[in-house]
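Each residue of the sequence shown is one higher than the last, beginning at 1 in this note's numbering.
Heads up, the beta-carbon is just placed ideally off N, CA and C, and yes, glycines get one too.
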Amino acid sequence: MGADLVISVGDLAGHLETERKFSGIRDVSLRVGDSTVKGPMAVTGVVVGTVDGVQANFRVSANARLTCVRCLTEWEEQLESEGLQHFSVTPDEDGYAIVDKEIDVGGIATDELALSIPATPVCREDCKGLCPICGTDLNSDPCDGHGEDPGSPFAVLKDLFDS
Ligand SMILES: [Zn+2]
Ligand SMILES: [Zn+2]
1 MGADLVISVG
11 DLAGHLETER
21 KFSGIRDVSL
31 RVGDSTVKGP
41 MAVTGVVVGT
51 VDGVQANFRV
61 SANARLTCVR
71 CLTEWEEQLE
81 SEGLQHFSVT
91 PDEDGYAIVD
101 KEIDVGGIAT
111 DELALSIPAT
121 PVCREDCKGL
131 CPICGTDLNS
141 DPCDGHGEDP
151 GSPFAVLKDL
161 FDS
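So, in structure tokens, the structure goes:
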């Protein structure tokens, strides 16, 4: 599974102006806050030879399941991101290296995809969210019923403003 993101680069490393296009799919399972990406991640790109290794330029996309942090509406959204990563003939401090004349683009693509997941998504900029007292979705249903409840925090605020 995902072997198509493991790319043979033995003939590219150290050879400038050589390149190899690639594309592949890998299943991922990511979570950032309440946002999740679970399923296939598509990666396309090109690997080019450098003096001491290869550089992978790639584009990654996947479907994310997002939940509005204000009104809890859920929806699916296509995430897309781009990245590049150098893989050295010998491991460098990043830890990305050519191993057995191959590189695995899946790891860095997954990292890049994870960075593109919104941590606090909102369904729309002006989402009014839910009433903190009764849970009514204030986008579709205005709620103005709690001001008279002496137990509610709004009643306390109202008293403050009234005095
Ligand atoms: Zn919302
Ligand atoms: Zn309410």
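Option in the options with minimal Cα separation from residue i
i      : options                          : result
Pro8   : Glu17, Leu16 and Phe22           : Contrary to the premise, residue 8 reads as Ser rather than Pro in this sequence. Checked all of Glu17, Leu16 and Phe22; the closest Cα to Ser8 is Phe22.
Val32  : Gly24, Gly106, Thr110 and Thr120 : Thr120
Arg124 : Thr44, Thr67, Tyr96 and Gly24    : Thr67
Ala64  : Gly53, Asn57, Glu76 and Arg70    : Glu76
Glu102 : Asp137, Glu80 and Gln55          : Gln55
DSSP three-state assignment for residue i, whether helix, strand or coil
i      : result
Ile103 : strand
Ile108 : helix
Asp27  : strand
Asp11  : coil
Leu72  : coil
Leu79  : strand
Per-residue burial, residue i [other beta carbons within 10 Å of its own, 16 or more giving buried]
i      : result
Thr110 : buried
Leu130 : buried
Leu12  : buried
Distance between beta carbons of residue j and residue i, contact taken as under 8 Å
i      : j     : result
Pro91  : Ala62 : Not confirmed; about 28 Å, so no contact.
Ile117 : Val37 : 6 Å
In chain order, what residues place their C-beta within less than 6 Å of a heavy atom belonging to ligand 2?
-> Selection output, chain order preserved: Cys131, Ile133, Cys134, Thr136, Cys143, Gly145 and His146.
For review: beta carbons within less than 7 Å of any heavy atom in ligand 1 = For ligand 1, the selected residues are Cys68, Arg70, Cys71, Thr73, Val122, Cys123, Arg124, Cys127, Gly129 and Asn139.
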